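*Asks:* In this note's numbering, the protein residues as written are 8 to 569. No residue lacks a Cβ here, since even glycine has one placed at the ideal position from N, Cα and C. Remember, predicted model here, so these are calculated numbers, not experimental data. Okay, handing you the structure first.
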């Protein structure tokens, strides 16, 4: 019997996503893609993702079934749990209001996840080196890469939208349920298409190190655009009768640029009947979908070709800045820790995956407080003074960046060099973790927190400066706690893969609850308890000095030093 070397023979044991994609094989064929080759490459990629090591030590069960376990899919239930809060929308009997907020939330979550977690896969150049030398055209290779990411995005979209989809079937009928199911999947493909369109435009014009920087900055711009767009969508609606939950819609010509509204127009036609506005938005949805499909068909092979520019760049010697040198002298207490400090600082300066994972979160943590400040100022009635409480909580948005930062420092493009740590004399992970945590504190968290704190002091009074200092000390302490909780190996020693995209998501959700409580206690106690801010200053300073001197030390390390 002839062996199925290429894996083209379909089997009943094929994963459900491969069998689902087989239903649309004719589309791939008509687009000029070699579907059997694409399917084989895709199957291999998903198999490799399923054989990644468990995110944390001790998670392996030793069972054979765990060999093919994909940790991304096993963590999607967390997002379904978060999306349960969207069910409050069904209290309003206005479909346009319900699905505008739903699709706005869906686009923000999907785009931010795509940018932060899958840009490294979309911009990976290894496929062209390993597979491109074989008789596989670039269009087929690009389709395999896009479909690889698309599987994760569709699964992610289904996890987010499942509660709303099920409640739509129950409250709004079968037609509305099928429509929201179809448009949810289409929205995930839109997110993929928009990201590829941005990357294709950049790849066509630039190359090398400049290209990497532009892509990083474009991700920040896209994150800012998503947050501002979500704010503008909220301004369209006005609750005119809170008791009866009546909502008024204020649409204008300028709102036609908010493409999530295009996905909502069919629901307006279903509930309210035909109108020129809903008809225009529905036409734009169809035209936009066709446009993205054509753009992808025309540029998929060019994207793979232009991706090779990512590796063409002149290597410049990185110099240590004044802030890096000064902060190392102040915060590092041993020569080994100082060396690790500079290592972590310089490595994160050149790591593309680190930037693509972290930069969108930085932009969101900065833009959300600015938008909320604008809301507080514009929502205040004439003649009324704004309360300081409306601004004091804004710097604490920096805490939302801490879990993402703690997870990001585990990965690196140069993870294969981690063998150096195993042969280092007197190896101890504590100095390395302390140094990297301090570097991330100075390089990322302090500048972000400083901007928000200055904004708060501008709108309040300089008398709240001590509260801002205490907040920064709290952020530093929480960064240490979260890093100690989530980082179980040496930093920068793991390869990032698609199956690890949701790593730490459940811990992040749980971790933010006590952080929120502690933040509220910090603000309230300093406002109403005499001399509380001075007491917190002494206490938080003592804790920070302790972890910066002896944090991350374990019993094994203490035994070795004796």
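1) Confirm, please, whether the CB-CB distance from residue 46 to residue 25 is below 8 Å.
2) Cα separation between residue 81 and residue 471?
3) Per DSSP, residue 418 is paired with what?
4) How do the region 345-354 and the region 393-413 stand: do at least 3 beta-carbon pairs fall below 8 Å, yes or no?
5) Indicate whether residue 117 and residue 154 have their beta-carbon atoms separated by less than 8 Å.
6) What residues in its chain sit with their C-beta under 6 Å from that of residue 125, if we drop five residues either side in the sequence?
7) Anyone know if the C-beta pair for residue 555 and residue 481 falls short of 8 Å?
8) Residues in the same chain with beta-carbon distance under 8 Å from residue 198, minus the five sequence neighbours each way, listed in chain order, please.
9) If we ignore side chains and look at the alpha-carbon of each, how far apart do residue 337 and residue 270 end up?
10) Hey, would you say residue 446 sits closer than 8 Å to residue 405, going by beta carbons?
11) Would residue 330 be called buried (16 or more neighbouring beta carbons within 10 Å of its own) or exposed?
12) Counting Cβ pairs closer than 8 Å, one from the region 480-495 and one from the region 541-550, do we hit at least three?
13) Should the region 434-445 be regarded as contacting the region 489-503, the criterion being three or more beta carbon pairs within less than 8 Å?
14) Can you tell me where the alpha helix (DSSP H) with residue 166 in it begins and where it stops?
15) Quick check on this structure: which residue in 211, 460, 345, 374 has the alpha carbon closest to the alpha carbon of residue 437?
16) Could you have a look at residue 551 and say whether DSSP puts it in helix, strand or coil?
17) Can you tell me whether residue 49 is buried or exposed? The criterion is at least 16 other CB atoms within 10 Å of its CB, across all chains shown.
18) So what does DSSP say about residue 40, is it helix, strand or coil?
19) Of all the options 142, 158, 112, 531, which has the alpha carbon lying nearest to the alpha carbon of residue 23?
20) Report the three-state DSSP secondary structure of residue 83 (helix, strand or coil).
21) Mapping the DSSP letters down to three states, classify residue 559 as helix, strand or coil.
22) Taking only the alpha-carbon atoms, compute the straight-line gap between residue 541 and residue 473 and give it to the nearest angstrom.
23) Output the distance between the C-alpha atoms of residue 34 and residue 284, rounded to the nearest integer angstrom.
24) Is the beta carbon of residue 360 sitting closer than 8 Å to the one on residue 313?
25) Can you give me the Cβ contacts of residue 408 inside the same chain, cut-off strictly under 6 Å, excluding the 5 residues immediately before and after it?
26) Tell me whether residue 61 sits in a helix, a strand or coil according to DSSP, three-state version.
27) Going by DSSP, what residue range makes up the alpha helix (DSSP H) through residue 490?
28) For residue 134, count the other beta carbons within 10 Å of its own beta carbon; 16 or more makes it buried, fewer makes it exposed. Which is it?
29) Around the Cβ of residue 69, are there at least 16 other Cβ atoms within 10 angstroms (buried) or fewer (exposed)?
30) For residue 56, does the count of other Cβ atoms within 10 angstroms reach 16, so buried, or fall short, so exposed?
31) Which of helix, strand or coil does DSSP assign to residue 72?
32) From residue 99 to residue 179, what does the alpha carbon distance come to, in whole angstroms?
33) From the DSSP output, in three-state form, read off residue 344 for me.
*Replies:* Once the coordinates are examined:
1) yes
2) 45 Å
3) 501
4) no
5) no
6) 156
7) no
8) 114, 117, 118, 121, 160
9) 54 Å
10) no
11) exposed
12) yes
13) yes
14) 145-178
15) 345
16) helix
17) buried
18) coil
19) 158
20) coil
21) coil
22) 8 Å
23) 32 Å
24) no
25) 368, 372
26) Unreliable placement is indicated for residue 61, whose pLDDT of 43 sits below 50; the coordinate value is still reported in the next sentence. If DSSP states are grouped into helix, strand and coil, residue 61 belongs with coil.
27) 472-493
28) buried
29) With a pLDDT of only 43 at residue 69, under 50, the local geometry of the prediction cannot be trusted, and the value read off the model is given with reservation. Its Cβ having fewer than 16 others within 10 Å, residue 69 is exposed.
30) buried
31) In this predicted model, residue 72 has a pLDDT of only 44, less than 50, meaning its place in the structure is not dependable; the value taken from the coordinates is given anyway. Helix, per DSSP.
32) 12 Å
33) helix
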